[in-house]
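This report refers to the structure that appears directly beneath it.
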Amino acid sequence: MIYLNNENFDEEVIQAKGKILVDFYADWCGPCQGLAPIIEEIDEENKDENIKICKLNVDGAQEISRKYKVMSIPTILVFEDGEIVKSTVGLVEKEYILDMLK
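Here is the structure:
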């Protein structure tokens, strides 16, 4: 799992090739805490896949959150070759996230 911030977002997400899941969260957010173990499971299970799993704390990256119009958390954005291809907001089930990554 890669923890993103203002300094590494472009390199790890925008300039990177392949699929990248970015979980926009905050430590104080209850639904985000519920989603965290699901994201960790997906990260562990997809180590051999060409999928990068990342987390971005919105409290430390408000500029990025505004750029991608993240108004509610948790928000998951799936990027492919630097472009958003899928998104969802709120606490969702693991199977739904896995479908987003197909």
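So that you can map any letter, position 43 of the sequence shown is 46 in my numbering, and since no number is skipped, the others follow by simple counting. We treat Cβ as the ideally placed atom computed from N, Cα and C, and that holds for glycine.
#1: Which residue from Asp51, Asn49, Ala39 puts its Cα closest to that of Gly93?
#2: Span of the alpha helix (DSSP H) holding Asp26?
#3: Looking at Lys55: is its Cβ nearer than 8 angstroms to the Cβ of Asp26?
#4: Leu24 and Ile67 look like a contact to me (Cβ under 8 angstroms); what is the Cβ gap, rounded to whole Å?
#5: Any chance you could list the beta strand (DSSP E) runs of at least 3 consecutive residues sitting entirely within the stretch 10-80, in chain order?
#6: Would you kindly work out how many angstroms separate the C-alpha atoms of Gly63 and Asn11, rounded to a whole number?
#7: Closest to Trp31 by C-alpha separation, out of Leu104, Glu52, Ser75, Gly85, would be which residue?
Per the coordinate set shown:
#1: Sequence index remark: in the sequence shown, residue 93 carries index 90 (1-based). If we check each option's Cα against that of Gly93, Ala39 comes out closest.
#2: Numbered from its first residue, the sequence shown carries residue 26 at position 23. Note, Asp26: premise wrong, no alpha helix (DSSP H); beta strand (DSSP E) at 22-28.
#3: Locating residue 55 in the sequence shown gives position 52, counting from the first residue. Locating residue 26 in the sequence shown gives position 23, counting from the first residue. Their beta carbons are not under 8 angstroms apart, which means Lys55 does not touch Asp26 by this criterion.
#4: As a first step, residue 24 must be located in the sequence shown, where it is residue number 21. As a first step, residue 67 must be located in the sequence shown, where it is residue number 64. Contact doesn't hold; Cβ gap of about 15 angstroms is too wide.
#5: Those beta strand (DSSP E) runs which fall completely within the stretch 10-80 and span 3+ residues are 22-28, 54-60.
#6: Locating residue 63 in the sequence shown gives position 60, where the first residue counts as 1. Locating residue 11 in the sequence shown gives position 8, where the first residue counts as 1. If you take the alpha carbons of Gly63 and Asn11, they lie about 12 angstroms apart.
#7: The count along the sequence shown starts at 1 and reaches residue 31 at position 28. It is Ser75 whose Cα lies nearest to the Cα of Trp31.
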